[in-house]
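Participant: First to last, the protein sequences are chains B and A. The first sequence begins at 817 in the numbering used here and counts up one residue at a time. The second sequence begins at 82 in the numbering used here and counts up one residue at a time. Ideal placement from N, C-alpha and C gives every residue a C-beta, glycine not left out. Handing you a structure now.
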Amino acid sequence: MTSARRKSYGVKGAPYAFLFPATILFALFFALPIGYAVWLSLHKVQVKGLGLGSGARQEVWAGVENYTDALTDSELLAGALRVLGYGAIVVPVMLGLALVFALMLDSDKVRLAPFTRLAIFLPYAVPGVVAALLWGFLYLPDVSPFYFVLERLGLPQPDLLDGGGLYAALSNIAIWGGTGFNMIVIYTSLQAIPAEVYEAAKLDGATPLQIALKIKIPMVAPSLVLTFFFSIIATLQVFSEPTTLKPLTNSVSTTWSPLMKVHRDAFGEGDIYSAAAGAVIIAVATLVLSFGFLRAANSRNKRYDSQGAAR
Amino acid sequence: MSSLAVRKTAPAAGTTPGTVQGPPLRRRIALVPTLTLLLGAIYCLLPVAWVLIAATKSGSELFSTFTFLPGSGFADNLSDLNAYRDGVYWQWMGNSALYAGLGALLSTAVSAVSGYALAIYRFKGRETVFNILMAGVLMPPVILAIPQYLLMAKADLADSYWSVLLPLILSPYGVYLSRIYAAAAVPSDVVEAGRMDGASEWRIFTRIALPMMVPGLVTVFLFQFVAVWNNFLLPYIMLSDDEKFPITLGLFTLLEQGANTPALYTLVITGALLAVIPLIALFLVIQRFWSLDLLSGAVKS
Chain B
817 MTSARRKSYG
827 VKGAPYAFLF
837 PATILFALFF
847 ALPIGYAVWL
857 SLHKVQVKGL
867 GLGSGARQEV
877 WAGVENYTDA
887 LTDSELLAGA
897 LRVLGYGAIV
907 VPVMLGLALV
917 FALMLDSDKV
927 RLAPFTRLAI
937 FLPYAVPGVV
947 AALLWGFLYL
957 PDVSPFYFVL
967 ERLGLPQPDL
977 LDGGGLYAAL
987 SNIAIWGGTG
997 FNMIVIYTSL
1007 QAIPAEVYEA
1017 AKLDGATPLQ
1027 IALKIKIPMV
1037 APSLVLTFFF
1047 SIIATLQVFS
1057 EPTTLKPLTN
1067 SVSTTWSPLM
1077 KVHRDAFGEG
1087 DIYSAAAGAV
1097 IIAVATLVLS
1107 FGFLRAANSR
1117 NKRYDSQGAA
1127 R
Chain A
82 MSSLAVRKTA
92 PAAGTTPGTV
102 QGPPLRRRIA
112 LVPTLTLLLG
122 AIYCLLPVAW
132 VLIAATKSGS
142 ELFSTFTFLP
152 GSGFADNLSD
162 LNAYRDGVYW
172 QWMGNSALYA
182 GLGALLSTAV
192 SAVSGYALAI
202 YRFKGRETVF
212 NILMAGVLMP
222 PVILAIPQYL
232 LMAKADLADS
242 YWSVLLPLIL
252 SPYGVYLSRI
262 YAAAAVPSDV
272 VEAGRMDGAS
282 EWRIFTRIAL
292 PMMVPGLVTV
302 FLFQFVAVWN
312 NFLLPYIMLS
322 DDEKFPITLG
332 LFTLLEQGAN
342 TPALYTLVIT
352 GALLAVIPLI
362 ALFLVIQRFW
372 SLDLLSGAVK
382 S
């Protein structure tokens, strides 16, 4: 904006001074741990003799050994597949609901909008652990109102804490917690669309459904991309919900998600070297998946733009 | 708006919109959107309503009476929770308030000063600094938390309040929001005018820019407060002494023990209810100050 003029005032040092605290914190709590994790992942412990006395346990270079171990580990792979399956439910359902609710909030003549908006956003304030705990109780046949109703109606009672039901149970917790936040993001960008756009469409005889599909959704595409992006990251890092459900069921193992396996390796088994390799792999997978998604979304948008310009 | 909305909770949850609204209805209510939103609201309020009622039940009532029938044990549950390990529950609540309050405050301060610098100044390496900070958003907490723990242990800080507080002060997302907000709210002419008057850069920031950034910073503070209050992984990894646990971790350990002794279930449920109340209250009070449109601003730029 006014960059050229600024320099003449001799304020060059100021931005660096202002960024000093962030830089220090970044170095100490981001860069250093990441570097340390990479370093650990390339090492292992070698035990000499009986492994007693000082110097008997030594850190030695392991090369990519920890990585090949992790990548060929069936537990990590199984965990990754579980999380992908879980994400395949959570992300589309959560964002689909968020989009539907946002469109409904934005529609004409809707009643109770402030109340429902607040109610749907409310779970955002509930910690994931507490959400998992509340739903966990609602999944317990002895306590749950759903089972009570199903029993009275003589309907079969699915087991939500085992097998395929567990995916539904875990997905539901994430959907419950995340829909409202995404709804607000999409709703706010819907509100930013100028009214004239709708007026024109209405004059052309467009129905509300057509307006939603042909105008509103394309116009909030950037918010959808952003919410997708953050949802993918959050899904790949699922940890606290399955960990909280664990005490209520036997079918959540300590390695249910890749992060849980990394945690178990580091603290359950004390093998920080394997754990570091697992953590680095998850980080790289997250980067690749989320940037891959962003690139795909951007190139689509660009194509869309150029088509629009051509018309 | 909010208080009115809250009072409507009870009737709205169970009835159709037609009976709730006072003024005479014409055919112009959009029935499908209203009903869809109501279903969504019921779904979202259901677990909260359940915990509200379940907390009133005694241990035996919990498993024997219909879920949505209030019980008679609320006072007992409260005093049990109060007595549990000499009131460690309140210690957990206090810890959470400390971690979230102090953590969010420090984090907002760092975000404000960094976001301002990134928005207002043009300097060498600006985009590089910004991109490196943003990469922090993508890092899975575990890849950071495990080496953070090991480093904290080396510095003799593991299992301390610092170990949970310090790693959370720099929030890439907070810096990102602050940058966008500073760019939108602080006109460069005003900064320029400050310089003409001979004010130092720091003085321009604290006296002129900071007040303009307050609404955005409230949002950053709330995001951070919620994020730290809801955090589980970092304290789970860092802490072993349960006197330092935040409420999320405390409830989790209570549930873990409860799996073997169902008598603790009522304690967990009552504890969960009390843990949800402060944050919901904070939301209701502060939502008018909370500019969520900042998010869509974030999308546009």
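Alpha helix (DSSP H) containing Arg873/B: first to last residue?
Facilitator: Per DSSP, Arg873/B belongs to no alpha helix (DSSP H); it is in the beta strand (DSSP E), Arg873 to Trp877.
Participant: Okay, do the region 985-1000 of chain B and the region 1040-1054 of chain B touch, 3+ Cβ pairs below 8 angstroms being the bar?
Facilitator: Touching, yes.
Participant: Between Tyr202/A and chain B, is there a C-beta pair that is closer than 8 angstroms?
Facilitator: So yes, Tyr202/A belongs to the interface.
Participant: Please determine, among Val1041/B, Glu1057/B and Arg927/B, the residue with the shortest C-alpha to C-alpha distance to Arg1116/B.
Facilitator: Ranking Val1041/B, Glu1057/B and Arg927/B by Cα distance to Arg1116/B puts Val1041/B first.
Participant: Run through DSSP, which three-state label would Lys828/B get?
Facilitator: In the structure shown, Lys828/B sits in coil (DSSP, three-state: anything other than H, G, I, E or B).
Participant: If you drop the 5 nearest sequence neighbours on each side, which residues of the same chain put their C-beta closer than 6 angstroms to that of Pro957/B?
Facilitator: Closer than 6 angstroms at Cβ, skipping near neighbours: Tyr963.
Participant: Quick check: Val1096/B and Ile224/A, are their CB atoms within less than 8 angstroms of each other?
Facilitator: Result yes, Cβ atoms of Val1096/B and Ile224/A sit closer than 8 angstroms.
Participant: Which residue or residues does DSSP assign as beta-bridge partners of Lys860/B?
Facilitator: Val876/B.
Participant: Please report the Cβ distance between Leu921/B and Tyr1003/B, rounded to the nearest whole angstrom; I am assuming they are in contact, meaning their Cβ atoms lie under 8 angstroms.
Facilitator: Correct: roughly 5 angstroms between the Cβ atoms.
Participant: Looking at chain B, which residues of the region 294-323 of chain A have a Cβ within less than 9 angstroms of any of its Cβ atoms?
Facilitator: Of all residues in the region 294-323 of chain A, Val307, Trp310, Asn311, Asn312, Phe313, Leu314, Tyr317 and Ile318 have a Cβ within less than 9 angstroms of some Cβ in chain B.
Participant: What residue range does the alpha helix (DSSP H) around Phe953/B cover?
Facilitator: Counting along the chain, the alpha helix (DSSP H) containing Phe953/B begins and ends at Gly944 to Leu954.
Participant: Between the region 255-272 of chain A and the region 198-215 of chain A, can you find at least three pairs of beta-carbon atoms closer than 8 angstroms?
Facilitator: The region 198-215 of chain A is in contact with the region 255-272 of chain A.
Participant: Measuring alpha carbon to alpha carbon, tell me which of Ser857/B, Pro1058/B and Asp1087/B ends up nearest Leu977/B.
Facilitator: Answer by Cα proximity: Pro1058/B.
Participant: What are the residues in the region 928-942 of chain B lying within 9 angstroms of chain A by C-beta distance?
Facilitator: So the list reads Leu928, Ala929, Pro930, Phe931, Thr932, Arg933, Leu934, Ala935, Ile936, Phe937, Leu938, Pro939, Tyr940, Ala941 and Val942, given in the order they occur along the chain.
Participant: Taking the C-alpha atoms as reference points, what is the distance between Pro1010/B and Val256/A?
Facilitator: Cα to Cα, Pro1010/B sits roughly 29 angstroms from Val256/A.
Participant: Under 8 angstroms between the Cβ atoms of Ser195/A and Ile250/A?
Facilitator: No, the Cβ-Cβ distance between Ser195/A and Ile250/A is not below 8 angstroms.
Participant: If you follow the alpha helix (DSSP H) that Leu919/B is part of, which residue opens it and which one closes it?
Facilitator: First-last of the alpha helix (DSSP H) with Leu919/B: Ser890 to Asp922.
Participant: Name the chain B residues whose beta carbon is nearer than 8 angstroms to that of Glu208/A?
Facilitator: Here the premise fails: no neighbours, minimum Cβ distance about 12 angstroms.
Participant: Where in the region 236-310 of chain A do unbroken runs of the alpha helix (DSSP H), each at least 4 residues long, occur, reported from the N-terminal end onward?
Facilitator: Segments of the alpha helix (DSSP H) lying fully in the region 236-310 of chain A: 242-246, 253-266 and 269-277.
Participant: Can you list the residues of chain A that Pro1063/B reaches, using a CB-CB cut of under 8 angstroms?
Facilitator: By Cβ distance, chain A contributes Leu336, Glu337, Gly339 and Ala340.
Participant: Flag this pair as touching only if the region 308-321 of chain A and the region 234-246 of chain A have three or more C-beta atom pairs under 8 angstroms; answer yes or no.
Facilitator: Output reads yes: the region 234-246 of chain A touches the region 308-321 of chain A.
Participant: Is it buried or exposed, Leu897/B, if we count other Cβ atoms within 10 angstroms and call 16 or more buried?
Facilitator: With fewer than 16 Cβ atoms within 10 Å of its Cβ, Leu897/B is classed as exposed.
Participant: Of all the CB atoms in chain A, is at least one closer than 8 angstroms to the CB of Met920/B?
Facilitator: True, the Cβ-Cβ gap to chain A drops below 8 angstroms.
Participant: Is there a C-beta anywhere in chain A that falls below 8 angstroms from the one on Trp951/B?
Facilitator: With 8 angstroms as the cut-off, Trp951/B counts as an interface residue toward chain A.
Participant: If we define contact as Cβ-Cβ less than 8 angstroms, is Val958/B a contact residue for chain A?
Facilitator: The amino acid at residue 958/B is misidentified as Val; the sequence shows Asp. So yes, Asp958/B belongs to the interface.
Participant: Round the Cβ separation of Pro114/A and Val1036/B to the nearest angstrom and send it over; I've been treating them as touching at under 8 angstroms.
Facilitator: With a Cβ gap of about 17 angstroms, Pro114/A and Val1036/B do not count as contacting.
Participant: If Ala236/A sits next to Val946/B, beta carbons under 8 angstroms apart, how far is it from one beta carbon to the other, in whole angstroms?
Facilitator: Not quite, the Cβ-Cβ distance comes to about 31 angstroms (not below 8 angstroms), so this is no contact.
Participant: Can you name the start and end residues of the alpha helix (DSSP H) that Glu881/B belongs to?
Facilitator: Residues Glu881 to Leu887.
Participant: With DSSP collapsed to three states, give me the class of Leu835/B.
Facilitator: Looking at Leu835/B - three-state DSSP - the assignment turns out to be coil, as it is neither helix nor strand.
Participant: Given a threshold of 16 other Cβ atoms within 10 Å of its Cβ, counted over all protein chains shown, does Glu282/A qualify as buried or as exposed?
Facilitator: Classification for Glu282/A: buried.
Participant: Which residue comes first and which comes last in the alpha helix (DSSP H) that contains Lys1018/B?
Facilitator: Run containing Lys1018/B: Ala1011 to Leu1019, per the alpha helix (DSSP H) assignment.
Participant: Is there a Cβ from chain A that is less than 8 angstroms from the Cβ of Pro837/B?
Facilitator: Closer than 8 angstroms: yes.
Participant: Is Glu282/A close to chain B? Criterion is C-beta to C-beta, closer than 8 angstroms.
Facilitator: Output row for Glu282/A: interface = yes.
Participant: Which of the three DSSP states, helix, strand or coil, is assigned to Gln1026/B?
Facilitator: Note: Gln1026/B maps to helix in three-state DSSP.
Participant: What distance in whole Å lies between the Cβ atoms of Leu219/A and Thr1102/B, which are believed to be in contact at a cut-off of 8 angstroms?
Facilitator: Confirmed, about 6 angstroms.
Participant: In whole angstroms, what separates the C-alpha of Pro327/A from that of Ala935/B?
Facilitator: For Pro327/A and Ala935/B, the distance between alpha carbons rounds to 26 angstroms.
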